[in-house]
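Asker: Per my numbering, residue 594 is the first one in the sequence shown, and the count goes up by one each step.
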Amino acid sequence: MTDASAPTIYLKRACPFCLKLRIFLTEAGLADRFNFIVFDDGDETHKALRARMEAAGQQPSFPAAELVPGQLETGTDDLIARFAGEAGKDPSSLPLFNYYAEGVFKRYGEMFQELRALKAAQPA
594 MTDASAPTIY LKRACPFCLK LRIFLTEAGL ADRFNFIVFD DGDETHKALR
644 ARMEAAGQQP SFPAAELVPG QLETGTDDLI ARFAGEAGKD PSSLPLFNYY
694 AEGVFKRYGE MFQELRALKA AQPA
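So, in structure tokens, the structure goes:
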């Protein structure tokens, strides 16, 4: 059941940035303050969100939070900092969040940069 007055968080399934936000919100005890919509890359929800962001002059990025109706905010670390500050939570005190952020997520970022560099080095 969703609360129509609660802000909505849009999470792309299999997105490490979306998982980072979801882990933070869950472990910090804040998840029940939001409605979550989980979608797959390329499905109708994803297409509609991308179109909304592009129409607003935004670069499509996920996770996205609709904290004010009609406006999407992005930036995983920005959203975590905002929600942590509003709730008086310290992300560094959350063991699972830190395990993910400093382990799997950090390694994912390294691999992403490596892949980007390899693609850039390939002849067109």
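The C-beta atom is built at its ideal place from N, Cα and C for all residues, glycine as well. Note that the structure is a prediction, hence the values are computed from the model and not measured.
Are the stretch 595-610 and the stretch 628-646 touching by the rule of at least three beta carbon pairs closer than 8 Å?
Answerer: They touch, by the three-pair rule.
Asker: Nearest to A597 by CA position, among Q715, E647, P656 and V661, is which residue?
Answerer: The candidate whose alpha carbon is nearest that of A597 is V661.
Asker: Determine the extent of the alpha helix (DSSP H) in which A713 is found, giving its start and end residues.
Answerer: From DSSP, the alpha helix (DSSP H) with A713 extends over V697 to A714.
Asker: Since K640 is in the alpha helix (DSSP H), which residue starts that stretch and which ends it?
Answerer: Element bounds for K640: E637 to A648.
Asker: Within 10 angstroms of its Cβ, does A713 collect 16 or more other Cβ (buried), or is it exposed?
Answerer: Exposed, since its Cβ has fewer than 16 Cβ neighbours within 10 Å.
Asker: For the pair the stretch 614-621 and the stretch 633-641, tell me if three or more CB-CB distances fall below 8 Å.
Answerer: Result no; under three Cβ-Cβ pairs closer than 8 Å.
Asker: When DSSP labels each residue in this structure, what does K682 get in the three-state scheme?
Answerer: Coil at K682, not helix or strand.
Asker: For the candidate residues P609, F617, E695 and M704, whose alpha-carbon lies nearest to that of A680?
Answerer: Here the closest residue by C-alpha is F617.
Asker: Buried or exposed for K613, please, with buried defined as at least 16 other CB atoms from any protein chain shown within 10 angstroms of its CB.
Answerer: With 16 or more other Cβ atoms within 10 Å, it is buried.
Asker: Starting from F610 and walking both ways along the alpha helix (DSSP H), at which residues does that stretch end?
Answerer: Unbroken alpha helix (DSSP H) run through F610: P609 to E620.
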